[in-house]
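> I'd like to ask some things about the structure below.
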Amino acid sequence: MSEPDGNASGDGVRAARVALRMLELLASREDLGVSEIARETETSKPRVFRHLRTLVSLGYAVQRHGSDRYARGPRLLALTRVIGQSADDGLIELSRPILRRLHQEFDHSFNLSLVYGDSVSIVESMPGKALVGITVQLNQEIPLHCTAAGKLLLVEQIRREGSLPHGKLTRFTPLTIADPLKLQQDLAKVEALGWADAPEEVVLGINAVSAPVRDHRGDLVAMVSAMDSIQFIPVEPPKKLVQALQTAAAEISALLAM
5 MSEPDGNASG DGVRAARVAL RMLELLASRE DLGVSEIARE TETSKPRVFR HLRTLVSLGY
65 AVQRHGSDRY ARGPRLLALT RVIGQSADDG LIELSRPILR RLHQEFDHSF NLSLVYGDSV
125 SIVESMPGKA LVGITVQLNQ EIPLHCTAAG KLLLVEQIRR EGSLPHGKLT RFTPLTIADP
185 LKLQQDLAKV EALGWADAPE EVVLGINAVS APVRDHRGDL VAMVSAMDSI QFIPVEPPKK
245 LVQALQTAAA EISALLAM
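Under this note's numbering, the sequence shown has 78 at position 74, and the numbering climbs by one with no breaks.
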């Protein structure tokens with residue numbers, strides 16, 4: 005059946021088709037320019053631009069900073085998590101530009117960790133800029149009691165269950181908190197502050213600071229962390245770094261809540 009032409013109904017169908025095709029293109033490409041979208045959708049650049057402005061305003065597209073290219077927005081990423089892309093992949097993609105911004109502002113390594121039930125794994129890492137770098141293993145379960153990200157999950161578990169999970173607290177360094185009572189005191193401080201650190205608790209000479217990421221239900225789903233030599237992230241982490249991590253975590257949480 006041919007489409008009606010020259011009337012509001014036909015124009016509406018064509019507009020919907022162009023918008024849906026644009027969503028398909030944004031979902032399948034890293035980013036696109038207006039000319040590319042116009043060519044792919046067989047429509048004019050002014051019409052593409054009008055559609056893009058609408059998609060940006062609704063959160064389905066974002067304009068790359070400092071360029072004329074467009075990419076998936078938070079609402080499109082949320083949609084892809086539901087209909088194809090895994091939730092983990094979507095969260096990582098949402099977080100990546102924010103991690104990049106932190107990486108540009110500071111010289112430390114930055115990591116994104118995800119919560120998997122009662123465990124935590126680092127899934128994304130951007131290396132620091134120091135002469136001697138720190139490398140982490142991705143997608144490996146990390147110990148909870150002596151890592152900054154892990155402590156945030158322990159705080160959540162105590163809130164939920166009323167006590168620490170049972171199990172031996174392995175001592176990795178002389179500074180690892182292996183006594184349950186002392187760990188509970190440390191976690192009480194973490195809960196009060198809203199962020200965690202773990203100076204030389206899993207590896208001597210290394211400190212990490214983490215801030216929590218929560219989804220639309222308020223559940224802890226991820227952590228944004230900075231990691232570096234104790235020389236650069238001392239036992240008392242710089243306020244500027246802590247605030248930047250908390251701001252980044254809050255931004256990701258806001259995107260997940262859209």
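For each residue, glycine too, the CB sits at the ideal point set by N, CA and C.
Remember, it's a predicted structure, so these values are computed and weren't measured experimentally.
1. For the 8 Å Cβ check, are there 3 or more pairs between the segment 199-212 and the segment 94-106?
2. Tell me which residues share the same chain as A212 and place their Cβ nearer than 6 Å to its Cβ, disregarding the 5 neighbours each side in the sequence.
3. Within 8 Å (strictly less), CB to CB, does G198 reach chain E?
4. Can you name the start and end residues of the beta strand (DSSP E) that V246 belongs to?
5. Which ranges would you report for the beta strand (DSSP E) in the segment 27-70 if only whole runs of at least 3 residues count?
6. From K172 to H149, what distance separates their C-alpha atoms?
7. From this set, T180, I210, F176, L156, which residue's C-alpha is nearest V225's C-alpha?
8. Pull up the distance between the alpha-carbon of G16 and that of T45, whole angstroms please.
9. Mind pulling the beta strand (DSSP E) runs of 3 or more residues that sit fully within the segment 159-228?
10. How close, in whole Å, do the beta carbons of S99 and I138 come, if the pair is a contact with beta carbons under 8 Å?
Result, derived from the coordinates:
1. no
2. A152, A202, S229, M231
3. You won't find chain E in this structure, because it holds only one protein chain.
4. Here V246 belongs to no beta strand (DSSP E); instead the alpha helix (DSSP H) covers 243-260.
5. 65-67
6. 10 Å
7. L156
8. 15 Å
9. 210-218
10. No, S99 and I138 are not in contact; Cβ-Cβ is about 19 Å, not under 8 Å.
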